[in-house]
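In the numbering used here, the protein residues as written are 24 to 141. The beta-carbon is built from N, C-alpha and C at its ideal position, and this holds for glycine as well. All values reported here derive from a predicted model rather than from experimental measurement. One structure is given below, encoded as structure tokens.
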Amino acid sequence: MEILRLILVILHFVGLASLLGGFLVQMKAIGAGRGTVVPAMVHGALTQLVTGLLLVGTIEMGHLFELDNVKIAVKLLVAIVITVLVFVYRKKQPAPSWALWAIGGLTLANIVVAVVWR
């Protein structure tokens, strides 16, 4: 069970890199009003959501350690909002700047929740 958890953690980080990287590489374009939701952001958001849910499931099934359910609920809510924004604006060219800034900001907020909330 621990090997599965580690694989899921690695995939979760790959999804994070894809989502945040897709945002960061086009910050200049977003500022100019020409930003788009690139496929990397779509794949990253889905990867984050699915691997996050699977991580919680494997930890609960294996009784590996005690989870903070409120923290998990907050992270899930943020991940769902990110995924909805990504899917709604993935075909709009250009996407509204506020939506792209929200995707990037919420992604960073989810990182802060993961790292700081103990």
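Distance CB(L131)-CB(V101) smaller than 7 Å: Taking the C-beta atoms as reference points, V101 is found no nearer than 7 Å to L131.
For the alpha helix (DSSP H) holding R28, just list the boundary residues, first then last. Start and end: E25 to L47.
Run of the alpha helix (DSSP H) containing W124, from where it starts to where it stops: Taken as a continuous stretch (DSSP letters only), the alpha helix (DSSP H) holding W124 covers S120 to V139.
Can you check whether the CB of L43 is closer than 7 Å to the CB of T74? At least 7 Å separates the beta-carbon of T74 from that of L43.
Use the C-beta contact count for N133: other C-beta atoms within 10 angstroms, 16 or more gives buried, fewer gives exposed. Result: buried.
Does the region 99-114 come close enough to the region 65-72 to have 3 or more Cβ pairs within less than 8 Å? The region 99-114 makes contact with the region 65-72; the number of CB pairs closer than 8 Å reaches 3 or more.
Out of curiosity, what's the CA-to-CA distance linking L72 and I33? Those two C-alpha atoms are separated by around 14 Å.
Quick one: grab the DSSP three-state call for E83. Here E83 sits in helix by DSSP.
Nearest by alpha-carbon distance to K115: which of T59, E83, L27 and V93 is it? The candidate whose alpha carbon is nearest that of K115 is T59.
Grab the span of the alpha helix (DSSP H) containing F110 for me, first residue to last. DSSP places F110 in the uninterrupted alpha helix (DSSP H) bounded by N92 to Y112.
What's the call for I26, buried or exposed, on a 16-neighbour Cβ count within 10 Å? When all chains shown are included, I26 counts as exposed.
With 16 other CB atoms within 10 Å as the buried threshold, where does F46 fall? So F46 counts as buried.
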